[in-house]
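Working notes, structure below.
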Amino acid sequence: MTHPPPARHGLAARIALTRGRVAVDVGLRAEPGEIIGILGPNGGGKTSAVLALAGVLPLESGHVRVGGEEWEVPGRTRLVPEARHVGLMLADPLLFPNLSALDNVAYGPRSRGRARVAARERAKTELASVGLTDHAAMKPRQLSSGQAARVALARALATDPLLLLLDEPLAALDPETRARTRSDLAARLTAYGGMVVLVTHDPLDALTLADRLVFIEDGRVTQAGSPAEILREPRTPYVGTVVGLNLYAAQGDSRGHVAMEDGGALVTTDASEGRVWATVPPSAVALHRHAPEGSPRNNWRLRITDVTLQGQSARVGLSGEIIMTAEVTLASVTALGLLVGDEVWASVKATEVRTYPR
Amino acid sequence: MRWRSRIVLGVPAAIGVLLLLVPLAALLLRADWTRVIPDLGSDIAGPALRLSLLTTTTSAVLCLLLGTPLAWLLARSEHPAMRWLRALLTVPLVLPPVVGGVALLMTWGRNGLIGQYLEGFGIQITFTTVAVVLAETFVSLPFYVLAVEGSMRGLDERLESVARTLGASDLRYLRTVALPLVLPGIASGLALAWARALGEFGATITFAGNFPGRTQTAPLAVYVGLQHDLQIAISISIALLAVSVIVLGLLRGRWIR
Numbered sequence: 085m086t087h088p089p090p091a092r093h094g095l096a097a098r099i100a101l102t103r104g105r106v107a108v109d110v111g112l113r114a115e116p117g118e119i120i121g122i123l124g125p126n127g128g129g130k131t132s133a134v135l136a137l138a139g140v141l142p143l144e145s146g147h148v149r150v151g152g153e154e155w156e157v158p159g160r161t162r163l164v165p166e167a168r169h170v171g172l173m174l175a176d177p178l179l180f181p182n183l184s185a186l187d188n189v190a191y192g193p194r195s196r197g198r199a200r201v202a203a204r205e206r207a208k209t210e211l212a213s214v215g216l217t218d219h220a221a222m223k224p225r226q227l228s229s230g231q232a233a234r235v236a237l238a239r240a241l242a243t244d245p246l247l248l249l250l251d252e253p254l255a256a257l258d259p260e261t262r263a264r265t266r267s268d269l270a271a272r273l274t275a276y277g278g279m280v281v282l283v284t285h286d287p288l289d290a291l292t293l294a295d296r297l298v299f300i301e302d303g304r305v306t307q308a309g310s311p312a313e314i315l316r317e318p319r320t321p322y323v324g325t326v327v328g329l330n331l332y333a334a335q336g337d338s339r340g341h342v343a344m345e346d347g348g349a350l351v352t353t354d355a356s357e358g359r360v361w362a363t364v365p366p367s368a369v370a371l372h373r374h375a376p377e378g379s380p381r382n383n384w385r386l387r388i389t390d391v392t393l394q395g396q397s398a399r400v401g402l403s404g405e406i407i408m409t410a411e412v413t414l415a416s417v418t419a420l421g422l423l424v425g426d427e428v429w430a431s432v433k434a435t436e437v438r439t440y441p442r
Numbered sequence: 038m039r040w041r042s043r044i045v046l047g048v049p050a051a052i053g054v055l056l057l058l059v060p061l062a063a064l065l066l067r068a069d070w071t072r073v074i075p076d077l078g079s080d081i082a083g084p085a086l087r088l089s090l091l092t093t094t095t096s097a098v099l100c101l102l103l104g105t106p107l108a109w110l111l112a113r114s115e116h117p118a119m120r121w122l123r124a125l126l127t128v129p130l131v132l133p134p135v136v137g138g139v140a141l142l143m144t145w146g147r148n149g150l151i152g153q154y155l156e157g158f159g160i161q162i163t164f165t166t167v168a169v170v171l172a173e174t175f176v177s178l179p180f181y182v183l184a185v186e187g188s189m190r191g192l193d194e195r196l197e198s199v200a201r202t203l204g205a206s207d208l209r210y211l212r213t214v215a216l217p218l219v220l221p222g223i224a225s226g227l228a229l230a231w232a233r234a235l236g237e238f239g240a241t242i243t244f245a246g247n248f249p250g251r252t253q254t255a256p257l258a259v260y261v262g263l264q265h266d267l268q269i270a271i272s273i274s275i276a277l278l279a280v281s282v283i284v285l286g287l288l289r290g291r292w293i294r
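Here the protein sequences come in this chain order: L and R.
Convert by adding 84 to the 1-based position in the first sequence; the result is the number in the numbering used here.
Convert by adding 37 to the 1-based position in the second sequence; the result is the number in the numbering used here.
As structure tokens, this is what we get:
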């Protein structure tokens, strides 16, 4: 894993703490203006990392430096949350129920010493930028979930934070509202221009919003890189699932033979030697009722474990010599009569199998 | 089967209801209603009711000023010492009031833990109105603290995390968000504490004595009235009953559904 050079005016942090049964120890870096997407399974330490950056959870060791300023070094410095320039937004919008939408947004500027009138002016501008000018006087219970999320975003940004922390900001919304709020969020984040740490378990959020992705599993960073790099070369089974590729840990040789660690073998035209990862895109897996003739050199007779429909295509889970997911058209599901428990032939062209060093 | 369960459960339940309601009815039935209003203005009842009003209100204000910060600290701290403190605070709640009166005497009395030093300054607490207020606060503060602490514990802790990242100190968060949100809890805690102070008898008569106009509160006046004029005792009792019902009405919808 490569680290970018130390960010002098950005974010540089190593967060080590224990919460519940998870020992978290992760390094995070961000350049000014960068949006970092943090992904990972639930309970892996994503939220703990965010709360530590906000100063809500203390570090056991490590450091947090933002914009050239030391925020926390255990035993030496520990800025309280109100002394850090952060904005925090969680899945639950957590608006103050006793205050109107406007006063919720003005709460930050007021707390940081702005006069009432100036704070309200700022709040009006923020509400306008999320399209809620008409809702300023409403109490949180009168707002829809999507509106509440936008007020929460406006509130987090009204203090001009150096670092904006978003923990699953869209998770509590229904799918339709989520799609709309996601595009609002993208627009607002572009205009904001500060650093953002965005925690999510929705790959779409991460891929559309983030400049760089960091995967945290069991309290450790397991992979980090640009969305393009991650999509091309996933390096853990979890990341493989997120980007939707069949991923195998294997041994490769110079002639393109790939021996998988769990048994089974692949042939590839993209040979790498030694310990490798091998990927097979689900869309490259062809299914047949009878043993295929001709070019494909990767052929297996596998049992169907599950079939799920997604619009016009279907994902077919297969197991046997090798475990893989195939993505086929709805038409071929009907034509082949694919049923769970059936045995089918699966084939993959050697040109579709990619390998890269582990 | 149905009729059996009705008898097994219904009969004790009905006896319970009668046990509670018949005495109230008896009080109302035996009252000489033409005398109630004049009695309340009499030499025994008038000063006693005024004293009760003064002392219970003072004690309610003390609960508000001392009990609210205490409840906040109890609600937020996870420190083991705070758990012990909470357990200790419930002791006065279950303590027989007379025992509380003796304990107060041992503290503020002439030879008491603190009273012996006050004596040097010519300050005497026992048998004064101040003693009445102390006795009432002693019995009602735990009610207030536990009620308010309960509603403070109901607050989402993450609200405070968000407020602090917005630049609010914990005191500002308390003032602008937490207190407004627990206001209903504070109101019901106050009503509960005030009602408890109003009924205070044991600790008051032990620690403050029974001096008309100075330490003789309404419950004490009822006790005195019983000895020579039953009807005036009934009249004051009805006044206290009416006040209790009003407090109950204020609490309705929060504690009683």
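Where a beta carbon is used, it is the ideal one built from N, C-alpha and C, also for glycine.
query, result
"Where the stretch 216-229 of chain R meets chain L: residues whose CB sits under 7 angstroms from a CB there", "P217 and L218"
"F158(R) classed as buried or exposed, judged by whether at least 16 other C-beta atoms fall within 10 angstroms", "exposed"
"Where the beta strand (DSSP E) through A334(L) begins and ends", "N330 to G336"
"Cα-Cα separation, A236(L) to T209(L)", "14 angstroms"
"contact_flag[the stretch 122-141 of chain R, the stretch 156-175 of chain R] where n(CB pairs < 8 angstroms) is 3 or more", "yes"
"Three or more C-beta pairs below 8 angstroms linking the stretch 240-254 of chain L and the stretch 283-298 of chain L", "yes"
"Contact check, E166(L) vs R123(R), beta carbons under 8 angstroms", "no"
"Validate contact between the stretch 431-439 of chain L and the stretch 352-363 of chain L using beta carbons, cut 8 angstroms, 3 pairs", "yes"
"C-beta atoms of G286(R) and P256(R) nearer than 8 angstroms", "no"
"Per-residue burial, G222(R) [other beta carbons within 10 Å of its own, 16 or more giving buried]", "buried"
"Cβ-based neighbour list, G348(L), same chain, cut-off 6 angstroms, excluding 5 preceding and 5 following", "E405 and I406"
"Contacting positions in the stretch 192-208 of chain R - beta carbon closer than 8 angstroms to chain L", "D193, R195, L196, S198, V199, A200, R201, T202, L203, G204, A205 and S206"
"Residue-level contact to chain R via CB, G171(L), 8 angstroms cutoff", "yes"
"Cβ-based contacts, 7 angstroms cut-off: residues of the stretch 242-262 of chain L near chain R", "T243"
"Straight-line Cα distance separating A258(R) from R87(R)", "12 angstroms"
"Alpha-carbon spacing of L61(R) relative to I273(R), whole angstroms", "14 angstroms"
"N-terminal and C-terminal residue of the beta strand (DSSP E) that H372(L) is part of", "A370 to H372"
"S96(R) versus L130(R) - alpha carbon distance", "16 angstroms"
"Burial state of V48(R), where buried means 16 or more other Cβ atoms lie within 10 Å", "exposed"
"Whole-angstrom C-beta distance between T409(L) and N330(L), which should lie under 8 angstroms", "6 angstroms"
"P221(R): first and last residue of the uninterrupted alpha helix (DSSP H) it sits in", "L216 to L235"
"For R113(L) and P88(L), the rounded distance between their alpha carbons", "For P88(L), the predicted structure reports a pLDDT of 48, less than 50, and the residue's modelled location is therefore unreliable. A value from the coordinates is still provided. Their backbone Cα atoms lie some 8 angstroms apart in a straight line."
"Inter-stretch contact (C-beta, 8 angstroms, three-pair minimum) for the stretch 142-154 of chain L and the stretch 179-191 of chain R", "no"
"Nonlocal neighbours in the same chain, by C-beta distance under 7 angstroms from S89(R), ignoring five residues either side", "L235, T254 and A255"
"Spatial distance of L227(L) from D176(L) (CA atoms)", "13 angstroms"
"As assigned by DSSP and simplified to three states, the class of I162(R)", "coil"
"Limits of the beta strand (DSSP E) - the one that P441(L) falls within", "R438 to P441"
"Inter-residue CB distance, T325(L) and E301(L) (contact presumed, cutoff 8 angstroms)", "In fact, because the Cβ distance is near 11 angstroms, the residues do not count as touching under 8 angstroms."
"Own chain partners of A107(L) with C-beta closer than 7 angstroms, once the 5 adjacent residues on each side are dropped", "G303"
"Limits of the unbroken alpha helix (DSSP H) element including E156(R)", "G152 to G157"
"Best match in Q307(L), V189(L), R204(L) and L273(L) for proximity to L293(L) [C-alpha to C-alpha]", "L273(L)"
"Chain R contact for V432(L) (CB, 8 angstroms cutoff)", "no"
"Proximity test, Cβ basis, 8 angstroms: L174(L) and chain R", "yes"
"Straight-line gap, W155(L) to T161(L) (C-alpha atoms, nearest Å)", "7 angstroms"
"Beta-carbon proximity of A334(L) to E317(L), cut-off 8 angstroms", "no"
"E345(L): contacting residues in chain R (beta-carbon distance under 9 angstroms)", "Chain R residues near E345(L): none, gap ~43 angstroms exceeds 9 angstroms."
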